[in-house]
Each structure stands twice: as C-alpha cells, then as structure tokens.
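Asker: If you scroll down you'll find the structure; I have some questions about it.
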Amino acid sequence: MYKNILFSLMCIFSQGLFAFEYTLEFTEAEIQSRIDAMLPIKKETFIVVVTVDQAQVLLLENTDKVALQSKLFVNSVAGINAQGQLALEGRVAYEAEQGAFYLKEANITELQIDKVPADFMPQLKQLAQSGLTQALSKKPIYVLKEDDMRHKLIKASLKSIEITQQKLKATLGI
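Residue numbering for the sequence shown follows my numbering, starting at 126 and increasing by one per position.
This is how it looks when you write it as structure tokens:
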C-alpha cells in the first residue's frame, strides 16, 4: 500500500515539474522603450543614406504581431533630402541560447517618401528593409535576467507568444 501511495506521489510531483510555466508580459510602452533604444537605424550606400527614426509601436492582437510606424529620412549625393513614413510588421521570436526575444521577419508594409521619384522607391524600400532586418536581428527587445531563478529555469523553451489586452504575453516553460 505504501508503494502505491509513494508511486502516486511521485507521478503527481513529476507532472508538476514538467508543467512548470512562466508568463512574461510586455506592454506597448515597455516594447516602445526598447525600440527607442535601438533608434536611429541607418543604412548607407555610396549614393544614399536611409535613416529610420521616431518609431511608434503597435501590438496587433488579431495577428500576434508587432507593428512599427516610423519616420524615414533619405539623403543622397544627387541632392535628394526627403522624409516620409514607413510601416512594418514582424513577429516576436525567442532565441533560447541567449534567453532573448527579437523582432523577426519584419516586413515593410507601407512606404511613402516625399520628393522621391517613383523609379527609386523599390531600391529605397529594399535598402530600408535590409537595414531594419540587420538591426532588429542583432538587438533584442528583451533578455531574460540571469539573476532571476525563474528566468534561469524557463530559459529552455518557448511555449507560446500571444497578444491580448494590449500586452504581449510570452509563456515559457520546462
């Protein structure tokens, strides 16, 4: 009888260990402050400098994506000094080795630049896309804390990321 009780307790305890989860929550304002720390983002060629700055973060609940609306500045050797707007959307991804969250697969969804001929728009979009992809893949929007025991325990795997009630919720677990 004691063996059965002991076995039952071990089963219950082991399931509790495997079910350990921890949910991190980020508000738009928290993500905004992390994006602000990354800006401005510049991409330069011999002919043109494209700068992305003053981004506004939006959490998109229906798609579980993060959107940015930003100003874009273009300066070229041909004398073009223009500014415009861009919008992009990306998903939050977790890199377990670093214990860090990044904005990945960020794609420009809108691009408007004043005083720039339509012929140059595809090249400028590609240049802005390249600069944003490089910058966002190198700088995390959040890193788990090494001195927090819960963060150390859950570093191994991401179970889900969702956006609800204007918060990004990342559930990690063992």
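Quick reminder that beta carbons are idealized off the backbone N, C-alpha and C, glycines included.
Enumerate, from N- to C-terminal direction, the unbroken beta strand (DSSP E) stretches of 3 or more residues contained entirely within the stretch 164-226.
Answerer: 166-169, 173-185, 190-201, 206-220, all fully within the stretch 164-226.
Asker: Considering only the beta carbon of each residue, do Lys196 and Gly209 sit closer than 9 Å?
Answerer: Contact: yes.
Asker: Would you say the beta carbon of Lys270 is closer than 8 Å to some non-hydrogen atom of the ligand ATP?
Answerer: Ligands displayed in this structure: none; no statement on the ligand ATP is therefore possible.
Asker: Is Lys264 helix, strand or coil by DSSP?
Answerer: If DSSP states are grouped into helix, strand and coil, Lys264 belongs with coil.
Asker: In chain order, what residues of the same chain lie with their CB nearer than 6 Å to the CB of Gln157, ignoring the 5 residues before and after it?
Answerer: The answer, listed in chain order, is Val182.
Asker: Decide if Leu185 is buried, meaning its Cβ has at least 16 other Cβ atoms within 10 Å, or exposed.
Answerer: By the 10 Å Cβ count, Leu185 comes out exposed.
Asker: Find the nearest neighbour of Gln254 within the set Ile266, Ile233, Thr152, Val174, judged by alpha-carbon distance.
Answerer: Taking only the C-alpha atoms, the option nearest Gln254 is Ile233.
Asker: What is the DSSP secondary structure of Glu271, counted as helix, strand or coil?
Answerer: In this structure, Glu271 counts as coil in the three-state DSSP scheme.
Asker: Please return the same chain residues whose Cβ sits closer than 7 Å to the Cβ of Ser133, not counting the five positions on each side in sequence.
Answerer: Reliability fails at Ser133, whose pLDDT of 44 lies under 50, so the model's placement of it is uncertain and no value is given.
Asker: Under the rule that 16 or more other beta-carbon atoms within 10 Å means buried, what is Ile172, buried or exposed?
Answerer: Flag for Ile172 reads exposed.
Asker: What is the rounded straight-line gap between the Cα of Leu236 and the Cα of Gln251?
Answerer: The alpha-carbon atoms of Leu236 and Gln251 are separated by roughly 11 Å.
Asker: Roughly how many angstroms lie between the CA atoms of Thr188 and Glu153, to the nearest whole one?
Answerer: One C-alpha to the other measures close to 15 Å.
Asker: I need the DSSP call for Phe145, collapsed to helix, strand or coil.
Answerer: Coil at Phe145, not helix or strand.
Asker: Just to confirm my understanding: we take Ile137, look at its own chain, exclude 5 residues before and 5 after, and list those with CB closer than 6 Å. What are they?
Answerer: Any reading at Ile137 is ruled out, since the residue's pLDDT is 45, under 50, leaving its predicted position unreliable.
Asker: CB Leu261 to CB Gly215, shorter than 9 Å?
Answerer: Cβ distance < 9 Å, so Leu261 and Gly215 count as in contact.
Asker: Give the secondary structure of Ile130 by DSSP, where H, G and I count as helix, E and B as strand, and everything else as coil.
Answerer: The predicted model places Ile130 with a pLDDT of 46, which falls under 50 and marks its position as unreliable, so this point remains unresolved.
Asker: Answer yes or no: do Ala225 and Val268 have a C-beta to C-beta separation smaller than 9 Å?
Answerer: Taking 9 Å as the Cβ cut-off, Ala225 and Val268 qualify as a contacting pair.
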